[in-house]
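Residue numbers (this note's numbering): 4 to 276. For every residue, glycine included, the Cβ atom is placed at its ideal position computed from N, Cα and C.
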């Protein structure tokens, strides 16, 4: 496995991976089983797999959240080597954004509500970074986890709108034994909060069953929020949406998806099904 720390090192290493398909897995590090599932899918789909580790400040709406994002570089590299990644790039901010960098991508459509409404500028930061990575790395494929479902739809929209020659794949959520979606931030949960956090997924499952039994969607969603808040969650949103456009559903359809975001203690959790 090649490990590149500078743009020059990366470009030199990338030039050796020619005439074959290349899959990109962008990450912010603090890798876990969810990331490994995405990497395994990328390796299935392409000849070479490139992983980036970069904590992108542009997508954080709160400085404290950016500063405390877990950093486990040595462990991440060992994990990537164990999973036979071909090339790992750990760029610095100046490798991605030049000194006078002042261009951002702004996406509407699937980016407008939910995470887009709660975290102002978040998807602009995500899209700007991903587009920059696509430009520098020139992958044929890029793989993303489905836990960040709205982010996946935003990236797909950007690729289609800008005719970027990269095929996007989503990889199903990997969960802990209690059902909690794997996340780098789960480490900040106390033992009691970790157990309670599984209620978010259990509530989604319960809501889905009720909707399949033709119960009123609005009532089901309202009851779910009440359940979570009674257990100490602070709910940002809990909604039924079209899985592609992210528009709110009043009536369930084949492309429906339940999405949720809630804070428990100091940790913000997101999930969907």
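The way I'd put it, the segment 77-87 doesn't touch the segment 120-128; fewer than three beta-carbon pairs between them come closer than 8 Å.
Under a 10 Å Cβ-count criterion, residue 186 is classified as buried, with 16 or more other Cβ atoms of the shown protein chains found around its own Cβ. Taking 8 Å as the cut-off, the beta carbon of residue 253 is found no closer than this to the beta carbon of residue 264.
Note that the C-beta distance between residue 48 and residue 144 is below 8 Å. Residues 265, 266, 267 of the same chain have their beta carbon placed closer than 8 Å to that of residue 237, with the five preceding and five following residues left out of the count.
Residue 150 is a Cβ neighbour of residue 176, given a cutoff of 8 Å. When DSSP states are grouped into helix, strand and coil, residue 245 belongs to the strand group.
DSSP, read as helix, strand or coil, puts residue 275 in strand. Per the DSSP secondary-structure output, residue 178 pairs in a beta bridge with 184. Looking at the DSSP output, residue 148 sits in a beta bridge with 174. Taken in chain order, the complete alpha helix (DSSP H) segments of 4 residues or longer contained in the segment 66-142 are 66-70, 76-85, 96-99, 118-121, 125-140.
Shown here, residue 160 sits in a helix according to DSSP, grouped into three states.
Of the residues 61, 51, 10, the one whose Cα lies closest to the Cα of residue 22 is 51. Contact annotation: the segment 30-41 touches the segment 183-203, with at least three C-beta pairs closer than 8 Å.
Rounded to the nearest whole angstrom, the CA to CA distance from residue 72 to residue 58 is 8 Å.
Contact check between the segment 244-251 and the segment 224-236: fewer than three CB pairs, one atom from each, fall below 8 Å, which does not count as touching.
With contacts defined as CB atoms closer than 8 Å, residue 10 and residue 98 qualify as a contacting pair. As a beta-bridge residue in DSSP terms, residue 237 pairs with 266. Between residue 153 and residue 196, the C-beta spacing is not below 8 Å. Boundaries around residue 27 are those of the beta strand (DSSP E), 25-30, since no alpha helix (DSSP H) includes it. According to the DSSP secondary-structure assignment, residue 6 is paired through a beta bridge with 91.
Counting along the chain, the unbroken alpha helix (DSSP H) around residue 206 starts and ends at 202-215. It is roughly 53 Å from the alpha-carbon of residue 102 to the alpha-carbon of residue 219. In terms of Cβ geometry, residue 6 and residue 146 do not form a close pair [threshold 8 Å].
Rounded to the nearest angstrom, the gap between the Cα atoms of residue 192 and residue 183 is 12 Å. At least 8 Å separates the beta-carbon of residue 204 from that of residue 261.
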